[in-house]
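Notes follow once the structure below has been shown.
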Amino acid sequence: MGGWAIFCAICGGPFSSQVDMDCEGTDERAYRFDILEDCNLEWLDGLRALGMNPDATGIDNVYYDLLKLEVLLGYHDFAEVGEPHVFPFHSVCYEILRRCISLRERGEIQGHLLYRVFEQANGGRYVRLQLDYGDPDPPAEQVWEIFRGQEILVVNPVVIPELELEMSDINRLLDMETNLVNKAKLHEEDIFCRLPIELRHEIFKHLRPESILALKAASLSMHTTLIPRSMWETKLVDTYPWLWEMLEISVLQSQKVEEKASKLLVACKEHGESTGKSYGRILGLANRRRIWGVCEQIRSRYLEQQAAVTT
420 MGGWAIFCAI CGGPFSSQVD MDCEGTDERA YRFDILEDCN LEWLDGLRAL GMNPDATGID
480 NVYYDLLKLE VLLGYHDFAE VGEPHVFPFH SVCYEILRRC ISLRERGEIQ GHLLYRVFEQ
540 ANGGRYVRLQ LDYGDPDPPA EQVWEIFRGQ EILVVNPVVI PELELEMSDI NRLLDMETNL
600 VNKAKLHEED IFCRLPIELR HEIFKHLRPE SILALKAASL SMHTTLIPRS MWETKLVDTY
660 PWLWEMLEIS VLQSQKVEEK ASKLLVACKE HGESTGKSYG RILGLANRRR IWGVCEQIRS
720 RYLEQQAAVT T
């Protein structure tokens with residue numbers, strides 16, 4: 420029978436960029452070529468792993484980095500022969516996990532705590548962790564199984580060309596508009612100019628980030644109404660925690676920027692849903708949201724382990 424293939428502990432995906440594609444798009448056991456034609460799948464080859472290091476000293480003695488793939492080609496239960504497990508994952512997926520954990524806990528990830536989380540979530544077949552890997556659910560068989568319509572499972576969730584292009588446009592606008600003061604007069608038909616500041620702030624409290632930006636872009640009086648930075652960041656983190664590109668810039672600058680950023684958030688919300696049928700969605704963003712859901716489960720268990728150590 421041979422050994423079982425190994426899959427990423429974080430995303431559940433394979434460690435090979437060589438996948439079957441069908442130019443006709445009719446083969447149910449192949450990915451559609453037109454979907455993946457322009458996608459760089461080399462991120463799948465980037466293997467890292469977490470395991471016990473018997474030669475290390477100190478508390479954090481479990482982190483192995485950049486192991487060669489051939490070391491892990493047969494992923495078995497080594498605990499049966501007295502050896503601890505090794506948990507493989509993509510470098511790209513670890514970046515998502517690091518960002519996810521850092522939203523709740525600053526600082527470097529503690530390898531010994533993460534290893535403990537992986538050990539406790541280890542599955543019966545030792546192919547992947549006992550976590551909800553989202554939709555579509557990655558295959559967990561002896562070898563990686565390819566199904567038409569599940570292309571998002573192999574699309575890079577961090578480097579997303581469509582998203583990078585949109586962010587570049589926003590950054591260009593920010594560079595052009597920096598320190599410029601909008602001296603336009605308030606229009607008499609702008610009903611929001613009649614509202615007291617306190618009521619404007621109350622309106623912002625009940626809106627999603629994209630709606631706040633759309634309102635600011637449409638109304639000069641609302642545009643000039645300042646939003647506390649802490650409130651804005653909290654709304655972004657609560658609504659789009661996986662969209663770190665937006666968290667890293669300040670879009671509350673000009674109405675042009677606010678309008679473009681609002682449209683981007685709406686697009687990310689729509690395209691980030693994984694339906695398995697839509698050809699127009701941003702596949703990488705859909706995969707990122709799926710993996711983020713896995714990372715949130717890992718984060719919850721990680722923080723529990725951390726709390727247990729400190730109490």
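Take the sequence shown: its letter number 287 is residue 706 in our numbering, and every next letter is one higher. In this text, a Cβ means the ideal position worked out from N, Cα and C, and glycines have one as well.
Among the options, the one whose alpha carbon lies nearest that of residue i
{"i": "glycine 530", "options": "Leu469, Glu570, Pro580, Lys635", "result": "Leu469"}
{"i": "methionine 641", "options": "Gly553, Cys714, Leu626", "result": "Leu626"}
{"i": "glutamate 461", "options": "Asp594, Asp609, Asn590, Gly432", "result": "Gly432"}
{"i": "valine 656", "options": "Cys519, Tyr513, Val511", "result": "Cys519"}
{"i": "arginine 591", "options": "Glu527, Val676, Arg525", "result": "Val676"}
{"i": "cysteine 442", "options": "Arg451, Ser436, Phe434, Ser681", "result": "Arg451"}
{"i": "arginine 802", "options": "Pro615, Gly553, Ala633", "result": "There is no way to answer for residue 802, as the model of the chain reaches only from 420 to 730."}
{"i": "tyrosine 634", "options": "Ser673, Ser669, Gln569", "result": "The amino acid occupying residue 634 in the given sequence is leucine; tyrosine does not appear at that position. It is Ser673."}
{"i": "alanine 636", "options": "Glu564, Leu671, Arg535, Tyr659", "result": "Leu671"}
{"i": "alanine 686", "options": "Ile717, Leu582, Asp588", "result": "Leu582"}
{"i": "aspartate 594", "options": "Val536, Ser669, Tyr534", "result": "Ser669"}
{"i": "tryptophan 423", "options": "Arg547, Val713, Leu666", "result": "Arg547"}
{"i": "arginine 720", "options": "Tyr534, Ser630, Glu514", "result": "Tyr534"}
Inter-residue Cα distance where the pair is residue i and residue j
{"i": "serine 540", "j": "alanine 428", "result": "The identity of residue 540 in the sequence shown is alanine, whereas the question assumes serine. Each residue's alpha carbon lies about 10 Å from the other."}
{"i": "cysteine 458", "j": "threonine 730", "result": "47 Å"}
{"i": "glutamate 447", "j": "glutamine 437", "result": "17 Å"}
{"i": "arginine 707", "j": "leucine 463", "result": "14 Å"}
{"i": "tryptophan 711", "j": "leucine 466", "result": "19 Å"}
{"i": "lysine 654", "j": "glutamine 561", "result": "42 Å"}
{"i": "alanine 603", "j": "proline 628", "result": "Residue placement at alanine 603 cannot be trusted, given a pLDDT of 49 that sits under 50; what the coordinates show is reported in the next sentence. Distance between the alpha carbons of alanine 603 and proline 628 is about 24 Å."}
{"i": "lysine 682", "j": "valine 511", "result": "27 Å"}
{"i": "aspartate 439", "j": "glycine 568", "result": "13 Å"}
{"i": "glutamine 724", "j": "threonine 658", "result": "26 Å"}
{"i": "arginine 718", "j": "isoleucine 579", "result": "24 Å"}
{"i": "glutamate 715", "j": "aspartate 609", "result": "42 Å"}
{"i": "proline 615", "j": "leucine 584", "result": "38 Å"}
{"i": "glycine 699", "j": "alanine 559", "result": "Low local confidence applies: a pLDDT of 38 at glycine 699 is under 50, so the model's placement there is unreliable, with the coordinate-based value given in what follows. Their Cα atoms are separated by approximately 28 Å."}
{"i": "leucine 455", "j": "phenylalanine 566", "result": "13 Å"}
{"i": "tryptophan 563", "j": "phenylalanine 611", "result": "57 Å"}
{"i": "cysteine 430", "j": "aspartate 588", "result": "30 Å"}
{"i": "glutamine 549", "j": "serine 435", "result": "22 Å"}
{"i": "serine 638", "j": "lysine 624", "result": "17 Å"}
{"i": "aspartate 453", "j": "glutamate 527", "result": "40 Å"}
{"i": "aspartate 551", "j": "valine 713", "result": "6 Å"}
{"i": "alanine 727", "j": "valine 536", "result": "12 Å"}
{"i": "arginine 525", "j": "leucine 532", "result": "15 Å"}
{"i": "proline 507", "j": "lysine 688", "result": "30 Å"}
{"i": "arginine 613", "j": "serine 630", "result": "20 Å"}
{"i": "tyrosine 513", "j": "threonine 445", "result": "34 Å"}
{"i": "threonine 643", "j": "alanine 680", "result": "17 Å"}
{"i": "serine 521", "j": "asparagine 472", "result": "25 Å"}
Whole-number beta carbon distance between residue j and residue i, since they are thought to touch under 8 Å
{"i": "alanine 705", "j": "isoleucine 571", "result": "5 Å"}
{"i": "proline 555", "j": "phenylalanine 426", "result": "14 Å between Cβ atoms; not a contact."}
{"i": "leucine 702", "j": "valine 574", "result": "4 Å"}
{"i": "methionine 586", "j": "glutamate 664", "result": "5 Å"}
{"i": "leucine 722", "j": "arginine 523", "result": "6 Å"}
{"i": "histidine 504", "j": "glutamate 538", "result": "7 Å"}
{"i": "leucine 645", "j": "leucine 684", "result": "About 20 Å; that fails the 8 Å criterion."}
DSSP-derived helix/strand/coil call for residue i
{"i": "proline 628", "result": "helix"}
{"i": "methionine 471", "result": "coil"}
{"i": "phenylalanine 426", "result": "coil"}
{"i": "histidine 509", "result": "strand"}
{"i": "arginine 451", "result": "strand"}
{"i": "leucine 801", "result": "Here the chain has residues from 420 to 730 only, and residue 801 is not among them."}
{"i": "aspartate 588", "result": "helix"}
{"i": "leucine 684", "result": "helix"}
{"i": "asparagine 575", "result": "coil"}
{"i": "asparagine 706", "result": "helix"}
{"i": "leucine 466", "result": "strand"}
{"i": "aspartate 556", "result": "coil"}
{"i": "aspartate 441", "result": "strand"}
Three-pair Cβ contact test at 8 Å for the segment 635-653 versus the segment 612-624: yes
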